[in-house]
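S.K.: Residue numbers (my numbering): 7 to 817.
Shown below is the structure under consideration.
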Ligand code: 26V
């Protein structure tokens, strides 16, 4: 196809264009003159995928030939988002693709927009797994990501009358061009039934139900296209889809029910985050993917290395939180019952293979399963857990542990109706246990794992989280990336430490201006998104003050909203003062059953309605709650943020990774000394971040001992005013009592210390406004944020895991 008089296409462009047309016609089954954007997306993706295949095979061949240790990253969640721009960027094909498409009359950005987000995760834990997959491929570390191929990812959030409504998400409905169904890679996973002695010794488990796991593989291509790993997600199928026995005996409905039960396992992602999910289906999901993944790992190992006894030398299994922790018992079962090893050898292999990452200390998120449920669903695994526990307690007893200590370290919690503590199981079965920020790791040692840390000194280690700069700077913010490349050259793309070369430019007025201009362009784009999505007009010149993350009481969106109300009240009371124009931007989903979080969403929307329609403010304050927060929306908001809200109650946010994404893009953080904020503040310097509030130790003590919220409110006229407006129904005139319960709850038991931190936060926000009025200072700080956060690259995190936990060479 001619290029409309433009210069003839380069051979690369011409070849890619021909490949796209070929895919369009022979695989999508379309015709170029009638193809829809969706057809072009499929054709373009299939053409790109072809270019990954040889490298994928080569990477597999090389890791087989080298016999190095490889990583199995077991995670219930992979929050990937879109893949096309990521793959093109890593392959260095973005511009080639842009030209190839434009010659076909198609615009690359429109094609990107066709791809649904793979939203196979709730939040930070799942997004971290996706960043890690990118980094492992970029560092040429042979790795498999193992998880579940949920047919429906995290729900789609609608905001109707200010309230969250959940509708099913349907990312696979138009097909997924990235994945390969591996009909030949299947593992059978049993549930229920009974355990009986075997004539030849040992025991045999006779499951009452067997579900088949089918592998779906997605290639994960690293930076520069040098290495490709596999994301292997399991889909559940009934072993006998027709259930012929039941069917033939006349039980037609029963035959269907069995199939539905089996296939429900991979139907939908649990939409919780740090809230309890005691449901049996969740345990079935966990065992299903842990068992299939370990069976697959053993099978691949035996194919390459023959003997199962060398498993630990060649494989490192990372447990992403406790969700796959049942794998500790499952590997024992596989090694002993299926592969014939003795207990001690199997245990030695297990410990050397597993390591476990903890992502939260919130008590309600610490998984535990009722013993009775485990005995019914996984009788053989439960026997093994008892044996592991007996051996573990005996060792501690011999080392002098008293009864209190034994109770604390036992895998079985004898209170609360006998439950299996999954964190303890993961800890006991692993050689390393890590937290995700320095503060969080320290707290692990003094709280939930204090006694286990004493029993197993040195096992706990810190690996502060990171983010992939490829997605969160290069792809999300091409304008800023170009400015940086033009200023310090492209080396930072390979090695982010070179970003430090930006620091001197923070003192260069022309560079600061160019930096600000990039921000303004991103803000204009976001303003258009805001207008299109919720019909609110915002001024790109205003300070964009952003809090985007899951809605949770401990993350304290409420504190931000109360401050917004205080600002609103003050603007109305003193209309002649010089106010810094601000846009408060919120986005985030609440777990469907988390009523308090949903009420907070409603409040944000109620406040937005009143503030945005108040003519006396002259647009100086706007509030925007953007619906359906996901990875793609984050990619458009983060480059446009001036201020990053990271305001959790100190001690409760394990790390945070949004904080890193904002700082990398040059937003200033307003935050508590919580999670990775602590380490961010150390690197950007206290002059370039707004830190406020109680510190973790003081906050912990106040939460334990209780504190007088009424006194805190009485001492703060501003906060009193805010609560008065809420009680008076200013933001809910049609239902004045809507927020009465919320205010009364805050006064009676302010568990997350919102009232305690309010004044300090408010003071900090005033400093923000003052700094904004000194553009030189503001933009100097902004540049210094970008310059000083290279350490938060997930490449650094993965190198640390590789060296200190997985013990494998990094090329
Ligand atoms: C818990 C549950 C419980 C019930 C159903 C579904 C579900 C899903 C996830 C979780 C655990 C969530 C833990 C989590 O996401 N932690 C976050 O991990 C990030 C990466 O380490 C970290 O940056 C965040 O601070 C931490 O909250």
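Glycine is no exception: its CB is placed at the ideal position from the N, C-alpha and C atoms.
1. Hey, residue 216 and residue 245 are a contact pair by Cβ (cut 8 angstroms); roughly how many whole angstroms apart?
2. Quick one: does the C-beta of residue 314 sit closer than 7 angstroms to a heavy atom of the ligand 26V?
3. Relative to the ligand 26V, is the shortest distance from any of its heavy atoms to the C-beta of residue 276 smaller than 7 angstroms?
4. Going by the DSSP bridge assignment, what does residue 551 pair with across the sheet?
5. Whole angstroms are fine: how far does the CA of residue 524 sit from the CA of residue 692?
6. Report the start-end ranges of each alpha helix (DSSP H) in the segment 151-212 that is 4 residues or longer and not cut off at the edges.
7. Between the alpha carbons of residue 481 and residue 132, how many angstroms are there, rounded?
8. So, at 7 angstroms on beta carbons, what are the nonlocal neighbours of residue 256 in its own chain, with the 5 sequence-adjacent residues on each side left out?
9. Taking the straight line between their C-alpha atoms, what separation do you get for residue 536 and residue 630?
10. Does the Cβ-Cβ distance between residue 79 and residue 149 come in under 8 angstroms?
11. In terms of residues, what are the limits of the beta strand (DSSP E) holding residue 798?
12. Please list, following the chain, all residues that have a C-beta closer than 6 angstroms to any non-hydrogen atom of the ligand 26V.
13. Mapping the DSSP letters down to three states, classify residue 88 as helix, strand or coil.
14. Tell me which same chain residues have a C-beta within less than 6 angstroms of the C-beta of residue 25, skipping the five on either side of it?
15. Rounded to a whole number of angstroms, what is the C-alpha to C-alpha distance between residue 167 and residue 540?
16. Within 10 angstroms of its Cβ, does residue 801 collect 16 or more other Cβ (buried), or is it exposed?
17. Going by the beta-carbon positions, is the gap between residue 736 and residue 628 smaller than 8 angstroms?
18. For residue 753, which option in 765, 717, 777 and 412 has the closest C-alpha, if you only look at C-alpha atoms?
19. At what residue ranges does the segment 81-140 contain a whole run of the alpha helix (DSSP H), taking only runs of 4 or more?
20. What do you reckon, are the CB atoms on residue 473 and residue 798 nearer than 8 angstroms?
21. Could you tell me the alpha carbon to alpha carbon distance between residue 477 and residue 159, rounded to whole angstroms?
22. Between which two residues does the alpha helix (DSSP H) containing residue 364 stretch?
23. My assumption, with CB atoms under 8 angstroms, is that residue 139 sits in contact with residue 300. Please give the rounded CB distance.
24. Using the Cβ count rule (16 or more neighbours within 10 Å means buried), how would you classify residue 142?
25. Quick one: residues in its chain with C-beta nearer than 7 angstroms to the C-beta of residue 701, no 5 flanking neighbours on either side, listed in chain order?
26. Roughly how far, in whole angstroms, is the beta-carbon of residue 335 from the beta-carbon of residue 402, given that I think they are within contact range, below 8 angstroms?
27. Pop quiz: residue 91 and residue 232 are said to be a contact at Cβ under 8 angstroms. What is the actual Cβ separation, rounded to whole angstroms?
28. Could you tell me whether the segment 658-672 touches the segment 442-454, using the rule of 3 or more Cβ pairs below 8 angstroms?
29. Would you decide whether residue 128 is buried or exposed? Buried here means 16 or more other CB atoms lie within 10 Å of its CB.
30. With C-beta atoms as the reference, is residue 647 less than 8 angstroms away from residue 610?
31. On the DSSP bridge list, what partners appear for residue 630?
32. Using CA atoms only, rank isn't needed, just tell me which of 195, 723, 811 and 297 is closest to residue 466.
33. Are residue 796 and residue 502 close, meaning C-beta to C-beta below 8 angstroms?
34. Considering Cα atoms alone, identify which of 709, 348, 101 and 564 is closest to residue 732.
35. Just how far apart, CA to CA, sit residue 438 and residue 455?
M.R.: From the atom records:
1. Here residue 216 corresponds to residue number 210 of the chain shown, with the count starting at 1. Here residue 245 corresponds to residue number 239 of the chain shown, with the count starting at 1. With 8 angstroms as the limit, residue 216 and residue 245 qualify as a contact, their Cβ atoms being about 5 angstroms apart.
2. Locating residue 314 in the chain shown gives position 308, where the first residue counts as 1. Because no heavy atom of the ligand 26V lies under 7 angstroms away, the Cβ of residue 314 does not count as near it: no.
3. Sequence index remark: in the chain shown, residue 276 carries index 270 (1-based). True, at least one ligand heavy atom lies under 7 angstroms from that Cβ.
4. Stepping through the chain shown from its first residue, residue 551 is reached at position 545. According to DSSP, residue pairing for residue 551 in a beta bridge involves 590 and 649.
5. The count along the chain shown starts at 1 and reaches residue 692 at position 686. The count along the chain shown starts at 1 and reaches residue 524 at position 518. Looking at the two C-alpha atoms, the distance is approximately 25 angstroms.
6. none
7. Along the chain shown, read from residue 1 onward, the residue named residue 481 stands at position 475. Along the chain shown, read from residue 1 onward, the residue named residue 132 stands at position 126. Using only the alpha carbons, I get a separation of about 19 angstroms.
8. Your numbering for residue 256 matches position 250 in the chain shown. Apart from the 5 residues on each side of it in sequence, residue 256 has no Cβ closer than 7 angstroms to any other Cβ in its chain.
9. Here the question's residue 536 lines up with position 530 in the chain shown. Here the question's residue 630 lines up with position 624 in the chain shown. Distance between the alpha carbons of residue 536 and residue 630 is about 7 angstroms.
10. As a first step, residue 79 is located in the chain shown; it is residue number 73 there, counting from the start. As a first step, residue 149 is located in the chain shown; it is residue number 143 there, counting from the start. The answer is yes: Cβ separation under 8 angstroms.
11. On the chain shown, position 792 is the one that residue 798 refers to. Neither: residue 798 is in no beta strand (DSSP E) and is coded neither H nor E.
12. 128, 129, 130, 131, 134, 276, 278, 279, 280, 281, 283, 327, 365, 366, 371, 442, 471, 659, 660, 661, 662, 663 and 681
13. Counting from one through the chain shown, the residue named residue 88 turns up at place 82. Residue 88: coil per DSSP, three-state reduction.
14. Within the chain shown, numbered from 1, the residue matching residue 25 stands at position 19. Only 53 meet the Cβ criterion.
15. Taking the first residue of the chain shown as 1, we reach residue 167 at position 161. Taking the first residue of the chain shown as 1, we reach residue 540 at position 534. Taking the straight line joining both Cα atoms gives about 12 angstroms.
16. Working through the chain shown from its first residue, we reach residue 801 at position 795. Buried.
17. Stepping through the chain shown from its first residue, residue 736 is reached at position 730. Stepping through the chain shown from its first residue, residue 628 is reached at position 622. In this structure, residue 628 does not lie closer than 8 angstroms to residue 736 by Cβ.
18. In the chain shown, the residue the question calls residue 753 occupies position 747. The option with the nearest alpha carbon to residue 753 is 717.
19. 90-97, 100-108 and 114-118
20. Working through the chain shown from its first residue, we reach residue 473 at position 467. Working through the chain shown from its first residue, we reach residue 798 at position 792. Going by C-beta atoms, residue 473 is nearer than 8 angstroms to residue 798.
21. Taking the first residue of the chain shown as position 1, residue 477 is located at position 471. Taking the first residue of the chain shown as position 1, residue 159 is located at position 153. So the alpha carbons of these two residues sit roughly 21 angstroms apart.
22. Indexing the chain shown from 1 puts residue 364 at position 358. Premise fails: residue 364 is in no alpha helix (DSSP H) and is neither H nor E.
23. Residue 139 sits at position 133 when you count from the first residue of the chain shown. Residue 300 sits at position 294 when you count from the first residue of the chain shown. No, residue 139 and residue 300 are not in contact; Cβ-Cβ is about 19 angstroms, not under 8 angstroms.
24. As a position in the chain shown, residue 142 is number 136, starting the count at 1. So residue 142 counts as buried.
25. Reading the chain shown from its first residue, position 695 is the one you call residue 701. If we look at residue 701 and ignore the five residues flanking it on each side, its Cβ neighbours are 656 and 679.
26. Residue 335 sits at position 329 when you count from the first residue of the chain shown. Residue 402 sits at position 396 when you count from the first residue of the chain shown. In fact, because the Cβ distance is near 19 angstroms, the residues do not count as touching under 8 angstroms.
27. Counting from 1 along the chain shown, the entry for residue 91 is found at position 85. Counting from 1 along the chain shown, the entry for residue 232 is found at position 226. So it is not a contact: roughly 19 angstroms between Cβ atoms.
28. Yes: the two stretches touch, three or more of their Cβ pairs being nearer than 8 angstroms.
29. Residue mapping note: residue 128 aligns to position 122 of the chain shown, counting from 1. It is buried - the Cβ of residue 128 has at least 16 other Cβ atoms within 10 Å.
30. One-based indexing of the chain shown puts residue 647 at position 641. One-based indexing of the chain shown puts residue 610 at position 604. For residue 647 and residue 610, no; Cβs fall outside 8 angstroms.
31. The residue labelled residue 630 in the question sits at position 624 within the chain shown. Answer by DSSP bridge pairing, in chain order: 591.
32. Mapped onto the chain shown, residue 466 falls at position 460. Nearest option by C-alpha distance: 811.
33. For the purposes of this step, residue 796 is taken as the residue at position 790 of the chain shown. For the purposes of this step, residue 502 is taken as the residue at position 496 of the chain shown. Judged by their CB atoms, residue 796 and residue 502 are nearer to each other than the 8 angstroms cut-off.
34. Numbered from its first residue, the chain shown carries residue 732 at position 726. When each option's Cα is compared against that of residue 732, the closest is 564.
35. For the purposes of this step, residue 438 is taken as residue 432 along the chain shown, with counting starting at 1. For the purposes of this step, residue 455 is taken as residue 449 along the chain shown, with counting starting at 1. If I take the Cα positions, the gap works out to 13 angstroms.
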